[in-house]
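One structure below.
Residue numbers (the working numbering): 624 to 927.
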């Protein structure tokens, strides 16, 4: 039971702030990082974990275990990163991170919500460890391999169908980027989701207008995205991705039987770290060009 004094908005703000600070720290120390993704997605992911999803609790913040090999019948020691989302069960929700280049953002989130020990961030991209730059099924918070990118929704659809057939009450939640909707596989997946009436599946899209080659509109325009998703059978809401009440509002409305929920969250890819705007439109990955530029970000980090 949540205390009446509990202020979830303040908790989300704290976690979102922590995500940006931790990813900025990582970027400064390592001369590189997926920083704009932390800026745009911090509130979305924080609110999914704190307010939207019904996840089981972990006993304590977990230290990521060493890589034990890929899943298979001959490998009883394999595991998935879903252990950071608590125990599985028919009443609990499942979380799928589709754009696995957001892995660093997810790791920072797990630390901020007390599911992963901060030591895990020091294992980032180190051989033999599971805290990978491009997250895989064994990486903290993940349970399926969603690459070569853009394959998370298809797998989430399969999980949602299995859960519906089994009678589970828990939902499947997917975090996606807008750039993934440039890929045909996701439209095929949504077509199947609608056909099979998978209303136990929800999607939050970080619509930050960016992809690896620059601004979305300069590479392949996907608008009007809301109209297209609606035409494919989804129940669609478009909201400000940094407005906490608007992010929550769609899940408070009555479920439309047979329709998946999709929330397009329009976001700012330099939210909270305004200096990033100077790099527009190439924001996908930050690698400092000079030591002077790195020092500018280090000064900003100290101010946080």
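Built from N, CA and C at the ideal position, the CB exists for glycine as well.
Item, Value
"DSSP state of residue 693 mapped onto helix, strand, coil", "coil"
"N-terminal and C-terminal residue of the alpha helix (DSSP H) that residue 860 is part of", "Unbroken run through residue 860 is the beta strand (DSSP E), 858-863; no alpha helix (DSSP H)."
"Beta-carbon gap between residue 670 and residue 795 smaller than 8 Å", "no"
"Buried or exposed by the 16-neighbour rule on C-beta atoms within 10 Å, applied to residue 878", "exposed"
"DSSP beta-bridge partners of residue 824", "795"
"Of the residues 667, 649, 635, the one placed nearest residue 888, counting alpha carbons only", "667"
"Residue environment, residue 847, which counts as buried when at least 16 other CB atoms sit within 10 Å", "exposed"
"Member of 708, 689, 893 whose CA lies at the smallest distance from the CA of residue 700", "689"
"Every unbroken beta strand (DSSP E) inside the region 694-776 [3 residues or more]", "717-720"
"Given 8 Å, three or more beta-carbon pairs between the region 712-722 and the region 640-659", "no"
"Contacting residues, own chain, Cβ-Cβ under 6 Å from residue 813 (five flanking each side not counted)", "855"
"Residues near residue 819 by beta carbon distance below 7 Å, same chain, minus five either side", "784"
"Buried or exposed by the 16-neighbour rule on C-beta atoms within 10 Å, applied to residue 894", "buried"
"Secondary structure of residue 848, DSSP reduced to three states", "helix"
"Reduced DSSP category for residue 871 - H, G, I as helix; E, B as strand; rest coil", "helix"
"According to DSSP, residues forming a beta bridge with residue 788", "Bridge partners of residue 788: none, in fact."
"Counted within 10 angstroms of its Cβ, other Cβ atoms place residue 742 as buried (16 or more) or exposed", "exposed"
"Neighbourhood of residue 740 by C-beta, 6 Å cutoff - its chain only, sequence neighbours within 5 removed", "684, 686"
"Residue 816: first and last residue of the uninterrupted alpha helix (DSSP H) it sits in", "807-818"
"Close-in-space but distant-in-sequence residues of the same chain around residue 923 (CB under 8 Å, 5 per side omitted)", "647, 896, 898"
"Residue 767 vs residue 760 beta-carbon contact at 8 Å", "yes"
"Cα-Cα separation between residue 709 and residue 630, rounded to whole angstroms", "23 Å"
"Range covered by the alpha helix (DSSP H) that runs through residue 842", "839-842"
"Endpoints, beta strand (DSSP E) assigned at residue 924", "Counting along the chain, residue 924 falls outside any beta strand (DSSP E), though it belongs to the alpha helix (DSSP H) covering 914-926."
"Entirely enclosed beta strand (DSSP E) segments - the region 632-690, minimum 3 residues", "none"
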